[in-house]
Structures are given as structure tokens and as C-alpha cells.
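Asks: Dropping a structure here in C-alpha cells format, bear with me for questions.
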Amino acid sequence: MTDQELRVGIIGVGMMGADHADRVAHRTSGARLVAVSDPDTARAGALAAQFDGVRVVADPLALVADDEVDAVVIASPGFVHEEQVLACLEAGKHVLCEKPLTMDSESSLRVLKAERAIGRPLVQLGFMRRFDPEYVRLKAIVDSGRLGRTLLLHNTHRNKDVPDSFRSEMIVRDSLVHEVDVARFVFGEEITEITVLSPAPSGFAAEGVVDPQVSYFRMAGGAIVTNEVFVRNQVGYEVRCEAVCEAGSVIAGRPWGDLYTTAAGGVDSGDGSWGGAVPADFRVRFERAYDLELQAWADAARRGVVTGPTAWDGYAATVVCEAGMASLASGTPVAVSLVDQETLA
């Protein structure tokens, strides 16, 4: 398929799915949006009408099976991901699945095993920070070794607001999951333990919701990762990451400038000056990352490979978040137990 256009179908046309539809239609080279599916058929129809030649397929599984759809973007709620991803695997079609892979570790493992059984990778997870230019540069500096061994990682994840339906467990499963993947991406190793704690809730938190939350990861190599997730901070969408190394540090995502690196002897880049407001919408902060993610996925799918976050990354993140929800309930550290990858081969 390398020389052919990738015909893409999208399942779920809420905020994220609609954003991806526009991205595929207008900003993804070598790909063409051909079909959308959503339980809200009126909403799906209104979206399809914005583009030439895009059909509405009422049944998402019928969209997956459609001979005129080569690859699928899944932006539906997490509780239907297992069925839809498994359908893509059965049909032999590449799929970009927004996080989470599934809602629990057992179903994520079933997806992982199903992909291993067909003998080739088809699943990419929507962990877009791996494509953000600043995070990519941070990772490159860490990997270069010029700052020595990485000792600590500090993540900040703040939203201006969320609906009242966004409960305490969702802060772990749907927000902290990004920090889980960032930690695994930067260190290139697994998380072995997670602790989720919280101060007294913010006065803006919905009734019964624990917000903000602070969590700690222990990495397989002994490093520690700290995370602040604050989903009703009233200011804007602020995400950043600082890697603290033996001989310096590097920060991605500061709202007042580009990548900022310190090292022995002084500042390498960035002048520390204020450079603008914090955006209210995550799609603004990570617009470039989403563009790069979809382009990389489409390019890889046309070649029949997966180059982004894999089904294993989705499974590992689900297991860590499941342990995180247990820690949130108990206030104590919870060990993370992953299956042995060799047993899946």
C-alpha cells in the first residue's frame, strides 16, 4: 500500500474524533477520510457533511469491516475499545486507538494477546506527547548521556476545568495515564510501583472528587517520578516535564518559552523570559503533536508497520493506572505487575 492513499475511517466523533477528522481530511499527507461512525448519527452526519465523499456508517463494526476502509482511528469511549480494537485486528487493519487501550488490565491483555496471535503489530496508542517536539528533544538530550544518568522526573498536568462527571478515578485513568507513558518513554523502562496521594481537595473540585492528586512512580532502574495532576486549576492547560540528571536538567513545556536546559556551567538554551498565556484547550497545546502523530501513523500504516506507541505500551499504561486507582483508594504504594513479554511470543 506504500504508493496508495490510506482510506481512513473514524469511530467516535466527539471532540477528539472530530478534531482527528479535520486533521486526516486537511493535514495528513497520503491519507483520505472516507467514513465516520458514532451512536449519535445526527452528529456523525453533520461532521461528514463538512467533507467531500465522507460516508456515515451507523455500526462501528461495519465501518471496520468495510472494504473501502483501510485503517481506523478509534476515538470512542474507553468501554467499547476492546470490541472495536479486536474487530480491527480480526480484519487485519491498522488502528490508532486513543487512550486508554481498554478499561482494565485483563481486557488490555486480551487485546495484546490477540495482536500477538496474528503475528504482526497493527495497534498504535494515542500517546501524542511522544510526538511533541519538546518532549522529543528532551528524550534526545536524556538519551545522549551528556547530562549523566537521569535521577528524577517531575511532571505537571493541569486542566482549567472538567465536567462534574470527571471523577477521582478518571483523573488517574484518563489524565495521569499520559504521565505514565511519559515516564516509560523517557526512561525506556517499566514502572514497578505507584503511590497516589492528595492534599485537601480544591474548593473548585466537584463534590466527592479528589483534586489535585500527587503520585509517585518507582522505575525499574531505581529512579523516582513525581506527578501533579490538577484538573480544575482555573487557569489553563499547563503540561510540562523536567528531567533531573546527575549533571543538569532539561524542561519541556514551559508556558513562557521553548525547551529550557540547564547544565553544569550555565544555561544551554532559553532565556527564561515570559512569552505568553497558558492555553485553555489541550488541543492548542498539543496541536503540532497530534499532527505529527497522525502523519506518522498514516505513513507507517501504508508501509504495514507500527512505529508509534504499541499495544504493549497501552497494556502497560492500563496496568499502572489500575494499580494507581487501588493506591488512590488505600493511600499506600501498590506494586505494578506486568506479564512476561516472552510468554506472549
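In the numbering used here, the protein residues as written are 1 to 345.
The C-beta atom is built at its ideal place from N, Cα and C for all residues, glycine as well.
If you're wondering where the values come from, they're calculated on a predicted model, not measured in any experiment.
Buried or exposed: which applies to residue 59, given that a residue is buried once 16 or more other Cβ atoms fall within 10 Å of its Cβ?
Replies: Answer is exposed; the Cβ neighbour count stays below 16.
Asks: Just reading off the alpha helix (DSSP H) that residue 84 is part of, what are its end residues?
Replies: Per DSSP, residue 84 belongs to the alpha helix (DSSP H) from 81–91.
Asks: Grab me the residues of residue 32's own chain with a C-beta within less than 6 Å of its C-beta, minus the 5 sequence neighbours each way, in chain order.
Replies: Here the set comprises 5 and 7.
Asks: Three or more C-beta pairs closer than 8 Å, one from the segment 305–323 and one from the segment 93–113: is that the case here?
Replies: In short, these stretches touch, since the Cβ pair count reaches three.
Asks: Please confirm whether residue 214 and residue 201 have their CB atoms less than 8 Å apart.
Replies: Taking 8 Å as the Cβ cut-off, residue 214 and residue 201 do not qualify as a contacting pair.
Asks: Whole angstroms are fine: how far does the CA of residue 135 sit from the CA of residue 21?
Replies: Approximately 25 Å between the Cα atoms of the pair.
Asks: Does the segment 236–245 touch the segment 136–146, meaning 3 or more C-beta pairs lie closer than 8 Å?
Replies: These segments touch.
Asks: Taking only three categories from DSSP, how would you classify residue 46?
Replies: Helix.
Asks: State the start and end residues of the unbroken beta strand (DSSP E) segment that holds residue 216.
Replies: First-last of the beta strand (DSSP E) with residue 216: 213–219.
Asks: How would you write the range of the beta strand (DSSP E) that residue 141 sits in, first residue to last?
Replies: Careful: residue 141 lies outside any beta strand (DSSP E), inside the alpha helix (DSSP H) at 133–144.
Asks: Is residue 70 buried or exposed, if buried means 16 or more other CB atoms sit within 10 Å of its CB?
Replies: Buried, because 16 or more other Cβ atoms sit within 10 Å of the Cβ of residue 70.
Asks: What runs of the beta strand (DSSP E), each 3 residues or longer, lie entirely inside the segment 165–212?
Replies: Taking only runs of at least 3 residues, the beta strand (DSSP E) segments lying wholly in the segment 165–212 are 191–197.
Asks: Considering only C-alpha positions, which residue in the set 15, 162, 289 and 292 is nearest to residue 74?
Replies: Taking only the C-alpha atoms, the option nearest residue 74 is 15.
Asks: For residue 76, name the three-state secondary structure that DSSP assigns.
Replies: Residue 76: coil per DSSP, three-state reduction.
Asks: Give me the DSSP bridge partner(s) of residue 224.
Replies: According to DSSP, which records beta bridges pairwise, residue 224 is partnered with 152 and 218.
Asks: From the DSSP output, in three-state form, read off residue 271 for me.
Replies: At residue 271, the pLDDT of 43 sits below 50, so the modelled position is not reliable; the number obtained from the coordinates is stated separately. Three-state DSSP puts residue 271 in coil, outside helix and strand.
Asks: Measuring alpha carbon to alpha carbon, tell me which residue in 250, 99, 163 and 80 is nearest residue 154.
Replies: It is 250 whose Cα lies nearest to the Cα of residue 154.
Asks: Can you give the Cα-Cα distance for residue 348 and residue 48, rounded to whole angstroms?
Replies: The structure shown has nothing for residue 348, since the chain only spans 1 to 345.
Asks: Nearest CA to the CA of residue 430: which residue from 175, 35, 63 and 18?
Replies: Outside the shown range of the chain (1 to 345) lies residue 430, about which nothing can therefore be said.
Asks: Exposed or buried, residue 194, counting other C-beta atoms within 10 Å across all chains shown (16 or more means buried)?
Replies: With 16 or more Cβ atoms within 10 Å of its Cβ, residue 194 is classed as buried.
Asks: Tell me the rounded alpha-carbon separation between residue 120 and residue 307.
Replies: In a straight line, the C-alpha of residue 120 is about 12 Å away from that of residue 307.
Asks: Distance, Cα to Cα, residue 192 vs residue 301?
Replies: Spanning the two alpha carbons is a distance of roughly 32 Å.
Asks: Taking just the CA atoms, how far does residue 65 sit from residue 172?
Replies: Cα to Cα, residue 172 sits roughly 33 Å from residue 65.
Asks: In angstroms, rounded to a whole number, what distance separates the CA positions of residue 13 and residue 37?
Replies: Going by the C-alpha atoms only, they are around 7 Å apart.
Asks: What does the alpha-carbon distance come out to for the pair residue 185 and residue 50?
Replies: So the alpha carbons of these two residues sit roughly 36 Å apart.
Asks: In this structure, what does DSSP give as the bridge partners for residue 311?
Replies: Answer is none; residue 311 lacks a bridge partner.
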